[in-house]
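This report refers to the structure that appears directly beneath it.
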């Protein structure tokens, strides 16, 4: 996963709707600046994202690209969460080579319909509850699609969308589909690159909080801009600390693009992103979601 040059690489995230997730993207943009990222942030937006939200993102140095929605074939499958259907639009960004992502955790109630949850098996700690031999081989490794690293490819992109049209939707929507499609080339990466918050109370022995690079605020009640501390596990001190860190970055005026855009580095990144390059693959533009998706295009 070596990054030899930064010329053709970017962070890509996806945004839909007119709600408050735009705050999440602003927080991501400012967080990347705080981390002194070498790569620009491209935001793929659906047509229902308001113009004023797009302007907010552009004012933070984001490259905004509109994408057309992607819909699964008609099906009566019930998604684990109703809004998961929106996430199929992430499929307008996809790649070649290996697919790098963090393994998911099967211990939360959203997984209650799965055999893994029902027998207490989790790939994060498979020795605790072993997979019963009578159920056949253990399920293949399964990643969380909130953050991944890949190399875009037109061939893969078209193959993926064609496959989608003949693949019945399942509970976890695009995440199940991506796991199926990239099963043979998926390579796990350390969870410090996408800390799923449930790991803090489900598998704390696997978490090195001091070295976490990316936090995925995916637990119920964990979105920092909506945080009340009332939901289950949200009263934990480590959760409160991570929420505070997010707000510290979000409120830090020194991380605004207007304070960064005059630098030569900032100009270089912004100009690079305005070139069509491989981002035309996401044309009718592009596609991101507040959840962090990382792309590498060499």
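In this note's numbering, the protein residues as written are 46 to 343. Glycine residues also receive a C-beta, built at the ideal position from the N, C-alpha and C atoms.
Own chain residues within Cβ distance below 8 Å of residue i, not counting five before or after
i: residue 319; result: The pLDDT assigned to residue 319 is 37, lower than 50, so where the model puts this residue is not dependable, and the model offers no usable value.
i: residue 167; result: 150, 151, 152, 161, 173, 174, 247 and 248
i: residue 297; result: 75 and 79
i: residue 62; result: 91, 93, 94 and 131
DSSP-derived helix/strand/coil call for residue i
i: residue 237; result: helix
i: residue 262; result: coil
i: residue 302; result: helix
i: residue 267; result: coil
i: residue 70; result: helix
i: residue 81; result: coil
i: residue 201; result: helix
i: residue 281; result: coil
i: residue 94; result: coil
Cut-off 7 Å between Cβ atoms - residues of its own chain near residue i, not counting five sequence neighbours on either side
i: residue 238; result: 147, 192, 258 and 259
i: residue 276; result: 265 and 266
i: residue 101; result: 67 and 71
i: residue 243; result: 150, 152, 153 and 264
Nearest candidate by alpha-carbon position, reference residue i, set the options
i: residue 215; options: 117, 291 and 72; result: 117
i: residue 222; options: 212, 231, 229 and 230; result: 212
i: residue 186; options: 241, 289 and 233; result: 233
i: residue 263; options: 255, 198, 288 and 251; result: 288
Other residues of its chain near residue i: CB distance less than 6 Å, five sequence neighbours each side excluded
i: residue 314; result: Confidence at residue 314 is low in this model, with a pLDDT of 48, below 50, so the placement of that residue is unreliable and no value is reported for it.
i: residue 184; result: none
(request) Decide if the stretch 81-97 is in contact with the stretch 53-72; the criterion is three or more beta carbon pairs, one per stretch, under 8 Å apart. (result) The stretch 81-97 vs the stretch 53-72: in contact.
(request) Answer yes if the stretch 178-186 comes into contact with the stretch 250-262, meaning at least three C-beta pairs across the two stretches below 8 Å, and no otherwise. (result) Between the stretch 250-262 and the stretch 178-186, the count of C-beta pairs closer than 8 Å stays below three; the two stretches do not touch.
(message) Please give me, in chain order, every unbroken run of the beta strand (DSSP E) with length at least 3 that falls completely inside the stretch 136-197.
(response) Whole beta strand (DSSP E) segments, 3+ residues: 140-148 and 188-197.
(request) Say whether the stretch 288-305 touches the stretch 89-108, bearing in mind that this needs 3 or more beta-carbon pairs closer than 8 Å, one atom from each stretch. (result) Here the stretch 288-305 lies against the stretch 89-108, with 3 or more beta-carbon pairs under 8 Å apart.
(request) Please confirm if the stretch 228-236 is in contact with the stretch 200-209, defined as three or more CB-CB distances below 8 Å between the two stretches. (result) Contact fails: fewer than three Cβ-Cβ distances are below 8 Å.
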